[in-house]
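**Student:** Starting off with a structure, shown below.
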Amino acid sequence: MVRLLPVSGSDLPVCSTEWKNGDVLIVTKLDRLGRNAMDVRKTVEQLAASGIRVHCLALGGVDLTSAAGRMTMQVISAVAEFEKDLLIERTHSGIARAVGFGKTLRASFVTQWGTAAGGAGTS
263 MVRLLPVSGS
273 DLPVCSTEWK
283 NGDVLIVTKL
293 DRLGRNAMDV
303 RKTVEQLAAS
313 GIRVHCLALG
323 GVDLTSAAGR
333 MTMQVISAVA
343 EFEKDLLIER
353 THSGIARAVG
363 FGKTLRASFV
373 TQWGTAAGGA
383 GTS
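Those letters in the sequence shown? Residues 263 to 385, by my numbering.
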């Protein structure tokens, strides 16, 4: 039996009670499962733990709960983490450059990103 449940990322927890072990959730793109790669991975893991398989059409219909799908998710998560790290590095570089040009930074900005010279901040 095929059941169509039109959902988006924010609706998944609500609708997951309607799914049964062995059901297959088909999404058009990964971003339908969450806001970022970590959120998507968590959602897929929760669904897999409930016996629900997740297929993504944008990835050739790969089952994200299979070995190949888990590997795909790991690669996507690694790329997302790399992009996040690059953003942090660029932010620290920009702060250091601004300080080098004599700019004064807001205290809340310096607190969020570490020292004004680009020290270790929180992500």
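Positions of the beta carbon are idealized from the N, C-alpha and C atoms, including for glycine.
Note that this is a predicted model, so its numbers are computed, not measured.
Please give me, in chain order, every unbroken run of the beta strand (DSSP E) with length at least 3 that falls completely inside the region 313-362.
**Tutor:** For the region 313-362, whole beta strand (DSSP E) runs of length 3 or above, ordered along the chain, are 315-318.
**Student:** Hey, out of Leu-292, His-354, Ser-328, Gly-322, whose CA is closest to Ala-339's CA?
**Tutor:** By 1-based counting over the sequence shown, the position of residue 339 is 77. Correcting the residue type first, residue 339 is Ser in the shown sequence and not Ala. Checking every option, the nearest Cα to that of Ser-339 belongs to Leu-292.
**Student:** Of all the options Val-286, Arg-303, Trp-281, which has the alpha carbon lying nearest to the alpha carbon of Ala-342?
**Tutor:** For the purposes of this step, residue 342 is taken as the residue at position 80 of the sequence shown. Here the closest residue by C-alpha is Arg-303.
**Student:** Kindly give me the distance between the Cβ atoms of Val-316 and Thr-327, rounded to whole angstroms, as I take these residues to be in contact under 8 Å.
**Tutor:** To locate residue 316, count along the sequence shown from 1; it is residue 54. To locate residue 327, count along the sequence shown from 1; it is residue 65. Yes, Val-316 and Thr-327 are in contact; Cβ-Cβ is about 6 Å, under 8 Å.
**Student:** Apart from the five residues just before and just after Ala-330, which ones in its own chain have a Cβ nearer than 8 Å to its Cβ?
**Tutor:** Taking the first residue of the sequence shown as 1, we reach residue 330 at position 68. Hits under 8 Å: Val-324.
**Student:** Quick check: what's the CA-CA separation for Ile-357 versus Glu-280?
**Tutor:** Locating residue 357 in the sequence shown gives position 95, where the first residue counts as 1. Locating residue 280 in the sequence shown gives position 18, where the first residue counts as 1. Spanning the two alpha carbons is a distance of roughly 49 Å.
**Student:** Which partner residues of Leu-287 appear in the DSSP bridge assignment?
**Tutor:** By one-based count along the sequence shown, residue 287 stands at place 25. The partner list for Leu-287 (beta bridge, DSSP) reads Val-316.
**Student:** Going by the CB atoms, is the gap between Leu-295 and Val-286 shorter than 8 Å?
**Tutor:** Looking up residue 286 in the sequence shown gives position 24. Looking up residue 295 in the sequence shown gives position 33. Going by C-beta atoms, Val-286 is not nearer than 8 Å to Leu-295.
**Student:** So for Leu-295, helix, strand or coil by DSSP?
**Tutor:** Start at 1 with the first residue of the sequence shown, and residue 295 comes out as number 33. The answer is coil: DSSP assigns Leu-295 none of H, G, I, E or B.
**Student:** Counting only the same chain and skipping the five closest in sequence on each side, list residues whose C-beta sits under 8 Å from that of Leu-319.
**Tutor:** Your numbering for residue 319 matches position 57 in the sequence shown. Taken in chain order, the residues that qualify are Ile-288, Val-289, Thr-290, Lys-291.
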